[in-house]
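Encoded as structure tokens, the structure appears first; notes follow it.
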Amino acid sequence: MDFLTLFQDHFVIVVTLACLLVGYLIKKASFFKWVPNDDIPVILAVIGVVSNCIVGGLSFESVIYGAFMGVAATGLHQGFKAFVEGNKNNTEGNKNNTEGDI
10 MDFLTLFQDH FVIVVTLACL LVGYLIKKAS FFKWVPNDDI PVILAVIGVV SNCIVGGLSF
70 ESVIYGAFMG VAATGLHQGF KAFVEGNKNN TEGNKNNTEG DI
């Protein structure tokens, strides 16, 4: 199977993973510390739009899907982070809350 054919068949996954990688680099790289965390989803949405328009052509549908893939990459990062780190706030809250304990 040709790489280009594979890319075109699974471009949704590729664009989302590319946005996830770029978002991770922005978050962790020392030379991107000037970028506020609130701007990362917007940057990934724009990268998703550009990437999806390159693959699928310029259309309203490509713009919407690309923005969704960029923002989905942000959600994937947050979900994975919560899974790996666990819910620290919930466990600390249970230690201080003694109501209902026997």
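So that you can map any letter, position 25 of the sequence shown is 34 in this note's numbering, and since no number is skipped, the others follow by simple counting. Idealized CB from N, CA, C, for every residue including glycine.
Whole angstroms is fine: what's the gap from Gly-79's alpha carbon to Gly-95's?
-> Going from the Cα of Gly-79 to the Cα of Gly-95 covers about 24 Å.
His-19, DSSP secondary structure in three states | If DSSP states are grouped into helix, strand and coil, His-19 belongs with coil.
So Ala-54 is in the alpha helix (DSSP H); what residue range does that whole segment cover?
-> Here the alpha helix (DSSP H) through Ala-54 covers 49-65.
To which residues of the same chain is Val-21 closer than 7 Å at the C-beta, ignoring the five residues directly before and after it?
-> Contacts found: Met-78.
Ordered along the chain, which non-local residues of its own chain (more than five positions away) have a Cβ less than 7 Å from that of Ala-54?
-> Closer than 7 Å at Cβ, skipping near neighbours: Ala-76, Gly-79, Val-80.
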